[in-house]
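**Q** Chains A, B and C supply the protein sequences, listed in that same order.
Using the numbering used here, you'd call the opening residue of the first sequence number 633 and step up by one each time.
Using the numbering used here, you'd call the opening residue of the second sequence number 36 and step up by one each time.
Using the numbering used here, you'd call the opening residue of the third sequence number 26 and step up by one each time.
Before I ask anything, let me first share the structure, which is written out below as C-alpha cells.
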Amino acid sequence: MTEPSNPGLDDLPSAVPARSRWGRLSLIWILPAVVILAGAFVVIHEKLAQGISIEIRFHNAEDLDANKTKIRYKDVEIGEVTDIHVAKDRKEVIVTAMIHRDSTEYLVDDTRFWVVRPRVSAAGVTGLGTLVSGAYISIDVGRSATRSRYFVGLEVPPIVTADLAGRQFVLHADDLGSLSIGSLVFYRHIVAGQVVGYELDPGGAGVTIKIFANAPFDRFITSGTRFWQASGIDMSLSSDGVKLRTESLTSILQGGVTFRALPGSATTAVAADTTFTLYSDEDRAMRPTETEIRTFVMYFKGSLRGLSAGAPVELHGIGVGEVKSVDVEYDRDAAALRFPVVVDLYPQRIRGRKAGGTRLSAAQEGPETVSRTLIDSLVAHGLRAELKSGNLLTGQKYVDMDVHADAPAEKIWWKEQPAVFPTVSNGLDEIQDSVAGIARKLNKVPFDRISVRLLSTMTSLEQTLKSTDQLMRHVDGSLAPQIEATLAEAQAAMKNAKDLLAQDAPLQSDLGAMLLQLSRAARSVSALVDYLERHPESLLRGKRGDAP
Amino acid sequence: MSLPATGRSLGLLVCLDCRLTVRGVKLPRLQCPRCHARLHERKPHSLAITTVLLISAAVLYVPANLLPVMDTRTFFDDENDTIMSGVLVLLQSGSWPIALLVFIASIVVPLLKILALGVLLYSAWRRSPRGRLQRSQLYRMVEFIGRWSMLDIYAISLLATLVQVQTFASIIVGWGAWAFGAVVVLTLFAARTFDERLLWDAPRHD
Amino acid sequence: MPPVILCPACDLAHRRTATPSSGRTRCARCRAPLQRPESAAIETAIALGLCALVLFWLGNAYPLVAMHVGGSSRATTLMGAARGLYDQNYKALGALVFLTTVIAPLLQVTALLYVLIPLWRKRTAFGQNAVIRLLTRVRLWSFMEVFMLGALVALVRLSKFAHVVPGIALWCCGLLMLCLSALASVTSPEQLWRWAVGSQE
C-alpha cells in the first residue's frame, strides 16, 4: 500500500455542512408535564371505571379459566374471572372475579353464583350453548340490601331464581315418597310449581318439603287447599274395590305434588311459607275436616280378618266414620279373648243427613250433648254396627251400621271412655242360623212314608219288567222265523221284478218298439196338422199330387 | 494518483460507538480512550460472518414463505395461511393498502435485503471502484428497512394471542413464522456485521 | 478535540472545521452524517425521557386492543402478545417480540435517564461509559414503530370478523414511538459522549 506522504491537515477536506433538521425545543418541560398529567388522568379514570373484585367459592374449578371465563347476568357480560386458586383448607377453590362498575349493585349478600355448563337433571338438559361458547358463571341477583364481596357458589343451578314471580310454601309429610328437587307441583294437571328443597325434620319424625308455586297459580293456594303426592300410579284396594289414579307421565317418572281446594272450605288467602300437610293420596287429602269426632269401641264376634285400620264405617252405604285400630284384649273376668275395634264416628254427618231427624240444636245445648242425645236415640231405635264383607274380590271388610228392628235393646254407657257401641252378629252367625233352619226343614220331611211308597213303586216296576222280558222271548221264538219267511218271499218277488225289467228282457224290448211306433205316429200326425194348416182346402180337395 | 487520506492510511481509527477519532497503536487489543469500547480497524471477519449469516437467511427464506405462518381453526374448518396467502386474504377482503404494506414488508423487503447484501458482499470482495456511492447508499437503505420486516411478526403475535375463543376460532402460529423471524434477525445481524468501509477500501494489490 | 474527523462509513479523513450554524456536517465523499447539533440541552433529553417512561408504563399496563366476537371478548397487553407466542411454544419468537418491544425501549430510556440525570447535576453516573455503550447498542433493537405498523395490520385483519376496540395502551405506544425517535435524534452518540466527557473534565 502506498502511504501518502504525510499530508498536512490543510490537505484534508473539511466536512460538508448539512442542513439543519430539528429546531430547538424550548419549553421542553411542558411536554413531560402534559404527558404525566394525561397519564394520571387515564389511570384515575381506569381505576374509577374499574369494577369490584369479588371472591366466589366453589368445590372445584371445572370449566373455569382465569382471564377467560365470563360472568353473565341474563346473558349480558358483567364481569370476568381474574384468578383461580385453591383455598388454604384445600376443600374449596377460590375464584376471584372482576365485576364491571355498573353491575356492582348486583352484589348483595343473597346473590347467588353458579357455573353454567351442560347439565342433565330432572328438569331436562340445560346449558348446551356452553359447548360452543365455553362455560360461564351465571348470577341470580338477590333482594337483600346488604352489599357483599364474598360468596359461596352453588354447585347446581337454583330451581327458582329471585326474579321468578310466585311464592314459596312449606309442606310436611311422613316421608318424601318419590319426590326430589325439581319434582313438579300440579294444579288441575297444569304445572304450577316445583319442589325446591326438602329436609328431614329434627328428630327424624317427618320430612319438611319446600315448594315454589309460580304466579298466578300461587293465588289458588288458600287456607282450604289440600296437597297430596301425585307421584306415579296410585292404586288402592279397599272395600270399595280397586282404584287406579295417575297424574301426568312426568310425575310418574319424577314424582309430583298436586293441590286442590277442598270443596266447600274457606278460601282465605295465605301468606308465603305457610305450612300445609302433604297427604299421601287424594282420598286422604280430600277428606273433609271433621269438626266432631267421637271414638267408640266395638266388639264383634267371629274373625276380624279383612278388617283393617282405615276401613270405613258406613250407614246405609254412606261413610260416617273410620276404623282406627283393631286390637286383641284378654278379658280376665270373662276368661275370654275379646277384639275391640276402635272406631271414629263423625256424628255431624249423621246429623246433617238425617233431615228433620233431630229437633235439637247445637246452639242451645252444646255439640257434645247434642250428638250424645242423637246417638242414644238412634241406638234406642236399633242402630247397630255389623261387620260385613265389602268386596269379595279383596276380602276387605267394613263396619256397617244399620237399624235392626229385632235387635235386643242396648244402651251406651257414656261413662266409659271410649264408649262401647252395640254391635250385632256378623254373617257367620247367619250362616249358622240358616243351616239350622235347613236342618229343621229337613227334619219335617216324612222320610218313612216316602220310603214305603217308593218300595211299592219299585215292586210294580219290577213286575212290568218281568212281563216285558217274557214278551221279548216270545217274539224271539215264534215271530222271528215267520218274519224271516216273509222276508224271503219278498226277496223272490223283487228278483222277478228285476228280471222283468232287465235290459234285454222281452218286456223291455216290446216296450221299446211300442214307444218307437208311437213316436212315429205322433210325427205323422204333426206333419198332417202342419199340412192342414198350410192347405186347409185339402180337407175337401185332398192332397195335391193325389188328384189325377 | 493520490489516494484519499483514509484513517487506515493515516494510522487513525474511529470508534464506532462514540465516534471518537483516535490514533492507532499497533497492539492486539485496542480500547477507545473515551468510551472504553473495543477498537477495530475494520470489523473483524466481517465478510466471513456476514456471508454465513446471509446464506442462512437465504436458506430460511424458502420455508418462511412456503410453510404456513398461521393456522386459523374455526368450528367448521382449518385454514392454513402462508405470508402470501395472508396478503391475498387481505386483498380479497378489500383492504388493499394493508395488503400492499404486508406484501412489501414481509416478502419484498427480506428478499431485497438478501439480494442487496449479496451484492454488497460481492462488491466488497471485488472492491471495484465504480458505483461505490450507490452501493453505500444501498447499504444504508438495507440497514434502515431491515427492521420493518418485523411487522408481520408483531401482527401474528397479536392475532394469535387475541383469537383464542375456544371452539369458535383460535389461531395457532405455524413454523413459517419461526423461519420468517429467523430470516429477519439473521439479516439484521448480517447488516450489522458487514463493515461498510470495506466498500470504500482501495482494491488490493496482490 | 482532535483535528481530524474520520468518516465511520467510508473511512475518509476530514479536517475539523468550525461547526456550521446548523451544527450538522456530512462526509465529503459518501455523505454520511458526521456531526450532529450540540445545542439540544440535557434537559430536553431528560424531559423526553420522562415522557417516554410514562408512556411506556401506560402502554404496558393497559390492554392494547380488545376484541369482541360471538358474545365473548378478549383483550391483550403488549407483554401479553409476546406471551401468546411464548405459550404456543414459539419461545424464541416470543422472546424476540418481548425484547424488541418491551426490553429494548425500556432499557433505552432508563439507561439514558440513568446517565443524563447525574450529568444534568454535573455528576457522573457509576459505569457511565458502559451504560452509554449499552444504550447505543440497545437503540438498534428498539422496534416500536415497526410494532405500531404490525398492530395496525393485525387490527385490520381482526376487524374483518370481530368488533375491535383499540385500547388506551395502543395510543400510548404510538406516542411512545414518536417520543423515542425524538429522543434518539436529541441524544446522538456523539452528543452523549460529549456530555459525558464534558462532565468528566
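Think of the CB as a built atom: it goes at the ideal place given N, C-alpha and C, for glycine as much as any other residue.
Does chain A have any CB closer than 9 Å to the CB of His39(C)?
**A** Here residue 39(C) refers to the residue found at position 14 when the third sequence is read from its first residue. Answer yes: the Cβ-Cβ gap between His39(C) and chain A drops below 9 Å somewhere.
**Q** Any beta-carbon of chain B closer than 9 Å to the one on Asn154(C)?
**A** Looking up residue 154(C) in the third sequence gives position 129. Answer yes: the Cβ-Cβ gap between Asn154(C) and chain B drops below 9 Å somewhere.
**Q** Provide the residue(s) that pair with Gly683(A) in DSSP beta bridges, ordered along the chain.
**A** Position 51 of the first sequence, counting from 1, holds the residue named residue 683(A). DSSP output for Gly683(A) lists no bridge partner at all.
**Q** Quick check: what's the CA-CA separation for Gly934(A) versus Val839(A)?
**A** Here residue 934(A) is taken as the residue at index 302 of the first sequence, counted from 1. Here residue 839(A) is taken as the residue at index 207 of the first sequence, counted from 1. Computed Cα separation, rounded: 40 Å.
**Q** Does Ser912(A) come within less than 9 Å of chain B when only Cβ atoms are used?
**A** If you number the first sequence from 1, residue 912(A) lands on position 280. Answer no: the Cβ-Cβ gap between Ser912(A) and chain B never drops below 9 Å.
**Q** Is it right to say Lys986(A) is buried, meaning 16 or more other beta carbons lie within 10 angstroms of its own, or is it exposed?
**A** As a first step, residue 986(A) is located in the first sequence; it is residue number 354 there, counting from the start. Here the model assigns Lys986(A) a pLDDT of 44, short of 50, so the residue's position is not dependable, and the following value carries that caveat. By the neighbour-count rule (16 or more Cβ atoms within 10 Å), Lys986(A) is not buried but exposed.
**Q** Whose C-beta lies closer than 6 Å to the C-beta of Val938(A) among residues of the same chain, with five residues either side of it excluded?
**A** Taking the first residue of the first sequence as position 1, residue 938(A) is located at position 306. A small correction: the amino acid at residue 938(A) is Gly; Val does not occupy that position in the sequence shown. Leaving aside the five residues that flank Gly938(A) on each side, the residues in its chain whose CB is nearer than 6 Å to its CB run, in chain order, Gly1027, Gln1028, Lys1029.
**Q** I need the DSSP call for Leu31(C), collapsed to helix, strand or coil.
**A** Here residue 31(C) is taken as the residue at index 6 of the third sequence, counted from 1. Note: Leu31(C) maps to strand in three-state DSSP.
**Q** In chain B, which residues lie with their C-beta within 7 Å of the C-beta of Leu644(A)?
**A** For the purposes of this step, residue 644(A) is taken as residue 12 along the first sequence, with counting starting at 1. The answer, in chain order, is Ala40.
**Q** Let me confirm a value: His188(C) is counted as buried when at least 16 other C-beta atoms fall within 10 Å, else exposed. Which label applies?
**A** Position 163 of the third sequence holds residue 188(C). By the neighbour-count criterion, in which a residue is buried when 16 or more other Cβ atoms sit within 10 angstroms of its Cβ, His188(C) is exposed.
**Q** Is the CB-CB distance between Asp187(B) and Val178(C) below 9 Å?
**A** As a working mapping, residue 187(B) is identified with position 152 in the second sequence. As a working mapping, residue 178(C) is identified with position 153 in the third sequence. Going by C-beta atoms, Asp187(B) is nearer than 9 Å to Val178(C).
**Q** Does the separation of the CB atoms of Pro45(C) and Pro649(A) fall below 9 Å?
**A** Mapped onto the third sequence, residue 45(C) falls at position 20. Mapped onto the first sequence, residue 649(A) falls at position 17. In this structure, Pro649(A) lies closer than 9 Å to Pro45(C) by Cβ.
**Q** Does any residue of chain C bring its CB to less than 9 Å from the CB of Ala647(A)?
**A** To locate residue 647(A), count along the first sequence from 1; it is residue 15. For Ala647(A), the answer is yes, since a Cβ of chain C falls inside 9 Å of its Cβ.
**Q** I want to see whether chain B comes within less than 9 Å of Gly655(A), judged by CB atoms only; does it?
**A** Stepping through the first sequence from its first residue, residue 655(A) is reached at position 23. Only weak support exists for where Gly655(A) lies, its pLDDT of 46 falling under 50; the coordinates are left without a value.
**Q** State the start and end residues of the unbroken beta strand (DSSP E) segment that holds Met92(C).
**A** As a working mapping, residue 92(C) is identified with position 67 in the third sequence. Taken as a continuous stretch (DSSP letters only), the beta strand (DSSP E) holding Met92(C) covers 90 to 94.
**Q** Indicate whether at least one CB of chain E lies closer than 9 Å to the CB of Phe203(B).
**A** Protein chains in the displayed structure are A, B and C, and chain E is not among them.
**Q** Please determine if the segment 707 to 715 of chain A and the segment 117 to 135 of chain C are in contact, where contact requires at least 3 C-beta pairs separated by less than 8 Å.
**A** no
**Q** Cβ atoms of Thr125(C) and Leu193(B): under 9 Å apart, would you say?
**A** To locate residue 193(B), count along the second sequence from 1; it is residue 158. To locate residue 125(C), count along the third sequence from 1; it is residue 100. Not closer than 9 Å, so no.
**Q** Give, in chain order, every unbroken run of the alpha helix (DSSP H) that is at least 4 residues long and sits entirely within the segment 1088 to 1163 of chain A.
**A** 1112 to 1132
**Q** Helix, strand or coil for Leu657(A) per DSSP?
**A** Here residue 657(A) refers to the residue found at position 25 of the first sequence. Any reading at Leu657(A) must be qualified, since the residue scores a pLDDT of 43, below 50, and its modelled position is unreliable; the value itself is stated next. Coil, per DSSP.
**Q** Quick one: what's Lys702(A) bridged to in DSSP?
**A** To locate residue 702(A), count along the first sequence from 1; it is residue 70. Answer by DSSP bridge pairing, in chain order: Glu712(A).
**Q** Do we get a CB-CB distance below 9 Å when we pair Thr222(B) with the residues of chain C?
**A** If you number the second sequence from 1, residue 222(B) lands on position 187. Not one chain C Cβ lies under 9 Å of Thr222(B).
**Q** Pro27(C) touches chain B at which residues, Cβ-Cβ below 9 Å?
**A** Taking the first residue of the third sequence as position 1, residue 27(C) is located at position 2. Within chain B, the residues near Pro27(C) are Leu47, Leu55, Thr56, Val57, Arg58.
**Q** Would you say Arg170(B) and Val154(B) are within 9 Å of each other, going by their C-beta atoms?
**A** Within the second sequence, residue 170(B) is the residue found at index 135, counting from 1. Within the second sequence, residue 154(B) is the residue found at index 119, counting from 1. Result yes, Cβ atoms of Arg170(B) and Val154(B) sit closer than 9 Å.
**Q** Leaving aside the five residues before and after Gly181(B) along the sequence, list all residues of the same chain whose C-beta is less than 7 Å from its C-beta, in chain order.
**A** Against the second sequence, residue 181(B) aligns to sequence position 146. The residues are Lys148, Thr222, Leu223, Ala226.
**Q** When burial is assigned at 16 or more other CB atoms within 10 Å of the CB, is Gly988(A) buried or exposed?
**A** Locating residue 988(A) in the first sequence gives position 356, counting from the first residue. Here Gly988(A) scores only 47 on pLDDT, less than 50, and its place in the model should not be relied on; the value that follows carries that caveat. Exposed.
**Q** When the Cα of Ala767(A) is compared with those of Thr736(A), His804(A), Val747(A), Val752(A), which residue comes out closest?
**A** The sequence position of residue 767(A) within the first sequence is 135, counting from 1. The shortest Cα separation from Ala767(A) among Thr736(A), His804(A), Val747(A), Val752(A) belongs to Val747(A).
**Q** Could you check if Lys720(A) is buried or exposed, using at least 16 other CB atoms within 10 Å of its CB as the buried criterion?
**A** If you number the first sequence from 1, residue 720(A) lands on position 88. Exposed: under 16 other Cβ atoms inside 10 Å.
**Q** Which residues in the same chain as Phe971(A) place their Cβ atom closer than 8 Å to its Cβ, once the five residues preceding and following it in sequence are excluded?
**A** As a working note, residue 971(A) is residue 339 in the first sequence. The beta carbon of Phe971(A) sits closer than 8 Å to the beta carbons of Tyr931, Phe932, Leu936, Val958, Asp959, Val960, Glu961 from its chain, once the five residues preceding and following it are set aside; these are given in chain order.
**Q** Could you give the first and the last residue of the continuous alpha helix (DSSP H) run that contains Ala38(C)?
**A** Here residue 38(C) is taken as the residue at index 13 of the third sequence, counted from 1. It is not in any alpha helix (DSSP H) - Ala38(C) instead sits in the beta strand (DSSP E) that spans 38 to 40.
**Q** Within the continuous alpha helix (DSSP H) that includes Met930(A), where are the two ends?
**A** Your numbering for residue 930(A) matches position 298 in the first sequence. Note, Met930(A): premise wrong, no alpha helix (DSSP H); beta strand (DSSP E) at 926 to 931.
**Q** Short of 7 Å Cβ to Cβ, which residues in the segment 171 to 195 of chain B face chain C?
**A** Cβ contacts with chain C: Ser171, Arg182, Trp183, Met185, Leu186, Asp187, Ile188, Tyr189, Ala190, Ser192, Leu193, Leu194, Ala195.
**Q** Identify the continuous alpha helix (DSSP H) that holds Asp915(A) and give its terminal residues.
**A** By 1-based counting over the first sequence, the position of residue 915(A) is 283. Residues 914 to 917.
**Q** Name the two residues that bound the continuous alpha helix (DSSP H) containing Val220(B).
**A** Within the second sequence, residue 220(B) is the residue found at index 185, counting from 1. Run containing Val220(B): 210 to 228, per the alpha helix (DSSP H) assignment.
**Q** From what residue to what residue does the beta strand (DSSP E) around Tyr962(A) run?
**A** Reading the first sequence from its first residue, position 330 is the one you call residue 962(A). Looking at the DSSP string, the run of the beta strand (DSSP E) that includes Tyr962(A) is 961 to 963.
**Q** Which of helix, strand or coil does DSSP assign to Gln127(B)?
**A** As a position in the second sequence, residue 127(B) is number 92, starting the count at 1. In this structure, DSSP gives Gln127(B) a helical state, which the three-state scheme calls helix.
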